[in-house]
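Here the structure is laid out as C-alpha cells; the discussion comes afterwards.
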C-alpha cells in the first residue's frame, strides 16, 4: 500500500510538470530518481508499473528529461524497466521499450561503447521477437540506425588512443 501511495504521488507530481514547472524545477533530479527507484523496488503489479511508465513518459515530454540521463544504466536493465512478472512482461514491454528508445535517442552522443553495446543487444533481441508489434520493431530498427554514428565515432576515438 505504501508503494502504491508513493507511485500515486509521483504520478501526480509528473502530471503537474508542465503547468507548474518553475516550482518543481529544483526537484527535477529527485523526481526522476524517485520514478526509477520505484521501478526498481515495486512489485510486479502491471497497473503500478504502467502508472510509473506513464509518469516516465510525462517526464520525457518536458525539459525534466535531463534528470533521467544519468540513470540510463539502471533503465537498461529489463527487470527494472518491465519487471519480472509474466503479465508485466507481456503487457508493458511495448511501452517500456518505446520510452527507453526515446531516452536513448536524446543521450546517444554521450553513451559509452559498453552502454551502446547493451542497447544494441536489447533492441536487436526485440527485433527477433515475433510477439512484439510491427510498431515496436520499427522503433527498434530506427533506434539502432540512429546509433550507427555514435558507435562509429566511439570506435574511431578508441582506435586513435
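Numbering (this note's numbering), first residue to last: 270 to 430. From the three backbone atoms N, C-alpha and C, an ideal C-beta is built for every residue, glycine too.
Contact check for residue 331 against residue 286 passes: the beta carbons are separated by less than 9 angstroms.
As for any beta strand (DSSP E) of minimum length 3 sitting wholly inside the stretch 343-389, there is none. The closest CA to that of residue 390, considering only 402, 416, 371, 375, is found on 416. Where residue 414 is concerned, the enclosing alpha helix (DSSP H) starts and stops at 403-415.
In the structure shown, residue 270 falls within a coil segment according to DSSP collapsed to helix, strand and coil. Rounded to the nearest angstrom, the gap between the Cα atoms of residue 371 and residue 329 is 8 angstroms. A straight-line Cα-Cα distance of about 18 angstroms links residue 393 and residue 361. For residue 292, there are no CB contacts under 6 angstroms within the same chain when 5 residues up- and downstream are skipped.
Residue 330 carries a coil assignment under DSSP once its states are collapsed to helix, strand and coil. Annotation for residue 311: 272, 317 place their beta carbon closer than 6 angstroms to its own, counting only its chain and skipping 5 residues before and after. With a cutoff of 9 angstroms on beta-carbon distance, residue 276 and residue 300 are scored as not near each other.
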